Amino acid sequence: MNRRQFCFAASAALTTTLFPVGTVYAQTYLSADQARQLIWGDVAMTPQLVKLDKAQMKAIQKSSDTRVRHDEINAWRTPDGGWFILDQVIGKHENIDIAVGLEQDGTVRGIEILVYRETYGDQVRNPKWRAQFHGKDHSEILRLDEQIRNISGATLSCRHITDGINRLTHTWDHVLQYL
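This is the structure in structure tokens:
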């Protein structure tokens with residue numbers, strides 16, 4: 017090995033030691049179609065892209081006490097006014113893709129975790145934990161450790177999913193019910 021090869025090999029080894037490559041973790045549990053089937057069964061749905069204006073975003077943020085990060089909602093509507101919504105919330109560091117079903121009166125019909133990208137905390141997939149949201153609506157702001165139980169080790173995921181449900185039920189109250 018000549019001097020140039022030795023210097024290159026040494027610098028490569030030193031670089032990987034000083035700057036290790038992080039492991040990326042993502043688990044896909046359901047597709048959007050599978051989640052829709054679980055929440056709504058064979059109910060026919062029409063895709064509907066909902067664009068929020070600044071006033072709507074501000075009203076939703078104020079009433080739900082949750083920041084509205086995007087002005088577009090990826091949703092499908094049932095013939096009787098129910099909704100199937102694909103959304104993202106932040107876990108601890110990474111996004112969690114969720115699907116939420118809202119009845120025609122704005123109550124939560126179901127929630128499914130589609131993609132979970134964190135290395136731990138995926139206990140939020142537990143059906144018993146997710147069932148706490150069924151029947152909840154915009155009439156109250158859901159709080160972790162009050163109406164919704166926390167899961168030790170998944171606190172931020174629990175908090176942010178709860179915030180996401182608050183945001184979506186208040187979005188129904190301000191926008192979706194009028195469409």
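Under my numbering, read the sequence shown as residues 17 to 195, first letter to last. Even for Gly, the Cβ is constructed at its ideal location relative to N, Cα and C. The structure presented is a predicted model; accordingly, all values stated were derived computationally and were not measured.
When rounded, the separation of the alpha-carbon atoms in Q193 and T185 is 10 Å. C-alpha of H86 to C-alpha of L118: approximately 19 Å in a straight line. Where D49 is concerned, the enclosing alpha helix (DSSP H) starts and stops at A48 to W56. In chain order, L46, G126 and E128 place their CB closer than 8 Å to the CB of L54, counting only its own chain and leaving out the 5 sequence neighbours on each side. In this structure, the straight-line span from the alpha carbon of G137 to that of T62 is close to 33 Å.
Every alpha helix (DSSP H) of 4 residues or more that sits fully in the region 113-163 is shown, in chain order, as 143-146. When Cβ pairs closer than 8 Å are counted between the two stretches, the region 109-124 is seen to touch the region 171-188, the count reaching three or more. Sequence-distant Cβ neighbours of E134 in its own chain, meaning closer than 6 Å and more than five residues away, are G107, K108 and E110.
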